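**Student:** Quick one: the structure is below, and I'll ask about it shortly.
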Amino acid sequence: LSGSNKSYLTRFEDKCVLYCNLLLQLNLYRISVGKPYLTELKKLESTYKWASQLNVEDVVNFLKLSYDHPAFIIGSGGSLTAANLAVMMHDSLGLVAKSLTPLELISISKSIRKASVLLLSARGRNADVLSAFHVSATNEAAQLMSVCMSINSPLYKLSEKYKFAKIFQSELPSGKDGSMRHTNQSI
């Protein structure tokens with residue numbers, strides 16, 4: 084990665100470390116919760132190590148290009164939490180960003196043309212996320228990217244139909260299900 088991309092990633096990495104430390108400082112290991120939650124929470128460190136090895140240059144380039152546009156970061160369910168985290172990071176760089184649900188994005192479709200749209204999805208198969216992608220693509224968002232934590236999802240197949248759309252896809256090492264899937268996706 085180029086120097087400016089490394090700088091952005093370093094700030095992003097610092098925020099991820101801060102986020103993980105915050106979770107640990109809240110003593111989540113000591114809260115009386117179900118065993119599956121504790122098991123998934125213990126995967127955060129390995130997820131962070133895994134994430135630090137990913138080639139995220141396309142995502143970084145998308146974010147750099149969104150410096151000139153407001154950014155709509157879309158999430159549904161647990162992915163909305165990841166969208167909120169992405170907005171916080173975007174805002175911390177002095178950029179304009181807003182997290183929206185797919186329905187909220189669809190309701191402001193006329194604003195899409197001048198915005199960067201980033202869709203976050205765990206599996207890339209929910210109808211609301213697919214509809215939000217379609218509306219973003221047909222309204223010609225300034226730029227459009229999806230981040231999906233499943234390989235060859237319906238979201239991937241839809242994005243392949245639009246040359247200007249980008250998609251980052253990967254399988255999470257933490258597995259397909261669980262209450263912490265979206266926390267691991269945020270990392």
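Residue numbers (the working numbering): 84 to 270. Glycine included, every Cβ here is placed at the ideal spot set by N, Cα and C. Here the structure is a predicted model, which is why all the values come from computation and not from measurement.
1. According to DSSP, simplified to helix, strand and coil, what is Phe-216?
2. I need the DSSP call for Ser-115, collapsed to helix, strand or coil.
3. Determine the direct distance from the alpha carbon of Leu-124 to that of Ser-149, and round the result to whole angstroms.
4. So which of Thr-122, Glu-128 and Trp-133 has the shortest CA-CA distance to Leu-255?
5. In terms of DSSP beta bridges, what is Ser-204 paired with?
6. Tell me where the alpha helix (DSSP H) around Phe-145 begins and ends.
7. So the candidates are Ile-250, Leu-241, Ser-175 and Val-142; which of them puts its Cα closest to the Cα of Leu-213?
8. Cutting at 8 Å between CB atoms, please list the residues of its own chain near Phe-145, excluding the five before and the five after it.
9. Considering just the uninterrupted stretch of the beta strand (DSSP E) at Lys-181, what are its terminal residues?
10. Can you find the residues in the same chain that come closer than 6 Å, C-beta to C-beta, to His-152, ignoring five residues on each side of it along the sequence?
11. For the alpha helix (DSSP H) containing Ala-169, name the first residue and the last one.
12. Rounded to the nearest angstrom, how far is the Cβ of Ala-205 from that of Gly-161, given a contact under 8 Å?
13. Give me whichever residues DSSP pairs with Lys-249 in a beta bridge.
14. Taking the alpha-carbon positions, what's the Leu-238 to Arg-208 distance?
**Tutor:** On the basis of the data shown:
1. helix
2. Below a pLDDT of 50, predicted positions are generally treated as unreliable, and Ser-115, at 45, falls in that range; the measurement from the model is reported next regardless. It is coil, neither helix nor strand.
3. Between Ser-149 and Leu-124, the C-alpha separation is close to 32 Å.
4. Trp-133
5. Cys-231
6. Counting along the chain, Phe-145 sits inside the alpha helix (DSSP H) bounded by residues 140-148.
7. Closest by alpha carbon: Leu-241.
8. Here the set comprises Ser-199, Leu-201, Gln-226, Met-228 and Lys-249.
9. 180-183
10. Ala-198, Ser-199 and Ala-225
11. 161-175
12. 7 Å
13. In the DSSP output, where bridge partners are listed per residue, Lys-249 has Met-228.
14. When rounded, the distance between both Cα atoms is 6 Å.
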